[in-house]
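Structure first, commentary second.
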Ligand code: SF4
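Numbering (this note's numbering), first residue to last: 3 to 228.
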């Protein structure tokens, strides 16, 4: 049976975007080549934070774990999940009758059958136009007061009415310049722009499941580079 390198899998609820607040089973794949300076999942790639060993898990076992929960859907995230061929995983999840959602930077071809795709562009390798066009929602991480103006020319030609969430990068979540930039953009532009947040972090809900690994330092660490 096909297996994938999995950093963690756990039952929680979706803390971001259109499906915020719904019970969800999360599968976080291992590995990411994008190396964002504020990565909040550095355990999936950063040499200082990767675990001693990473399990390869059969896709059927991952689906079976999800089935044991009250999850409304399964979220495949990373790392950057699309560096893996996700077709066997989405097939296994379909067999248990749950929709599969994908969270991706959109930089690579998407291999798998997903019922919802969230593209969160990253500067290291901006998303493929076809991934932006087919995304159900877009999540821009707002690092500073200039982020929105920098990203919009890159993504606006490919928008087709899907929501565009403006999330403060977590280490900047109390930076008034970042929060004001988001508020002004939403008020001046209206739809499809929406102010976003990572509500699950306030609740610390992921940590309630033993399948979740402890969170690594988040964002803005000058020496470590994330
Ligand atoms: S934030 Fe996402 S895309 Fe960026 S380095 Fe971390 S896992 Fe990779």
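The beta carbon of each residue, even a glycine, is placed where N, CA and C say it ideally should be.
Which of the three DSSP states, helix, strand or coil, is assigned to residue i?
i, result
"residue 116", "coil"
"residue 47", "coil"
"residue 14", "strand"
"residue 40", "coil"
"residue 9", "strand"
"residue 104", "strand"
"residue 141", "strand"
"residue 210", "helix"
"residue 121", "strand"
"residue 82", "coil"
"residue 68", "helix"
"residue 20", "coil"
In whole angstroms, what is the alpha-carbon distance linking residue i and residue j?
i, j, result
"residue 10", "residue 81", "11 Å"
"residue 214", "residue 150", "32 Å"
"residue 132", "residue 124", "15 Å"
"residue 64", "residue 29", "8 Å"
"residue 208", "residue 217", "9 Å"
"residue 4", "residue 90", "7 Å"
"residue 36", "residue 142", "15 Å"
"residue 169", "residue 147", "12 Å"
"residue 57", "residue 31", "10 Å"
"residue 62", "residue 52", "25 Å"
"residue 156", "residue 119", "19 Å"
"residue 174", "residue 72", "33 Å"
"residue 181", "residue 197", "9 Å"
"residue 129", "residue 110", "7 Å"
"residue 18", "residue 87", "25 Å"
"residue 96", "residue 162", "27 Å"
"residue 184", "residue 145", "11 Å"
"residue 44", "residue 75", "25 Å"
If you follow the beta strand (DSSP E) that residue i is in, where does it begin and where does it stop?
i, result
"residue 78", "75-79"
"residue 25", "25-31"
The alpha helix (DSSP H) with residue i in it runs from where to where?
i, result
"residue 205", "201-205"
"residue 153", "149-157"
"residue 96", "89-97"
"residue 186", "178-191"
"residue 197", "No alpha helix (DSSP H) holds residue 197; the beta strand (DSSP E) holding it covers 195-197."
"residue 134", "131-136"
For residue i, is the beta carbon positioned less than 7 Å from some heavy atom of ligand 1?
i, result
"residue 37", "yes"
"residue 18", "no"
"residue 141", "no"
"residue 47", "yes"
"residue 43", "yes"
"residue 124", "yes"
"residue 254", "In the structure displayed, the chain extends from 3 to 228; residue 254 sits before or after that span and is not available."
"residue 34", "yes"
"residue 107", "yes"
Below 7 Å, is the gap between the Cβ of residue i and the nearest heavy atom of ligand 3?
i, result
"residue 81", "By its list of ligands, the structure shown excludes ligand 3, since it contains just ligand 1."
DSSP puts residue i in a beta bridge; with which residues?
i, result
"residue 170", "144"
"residue 59", "6"
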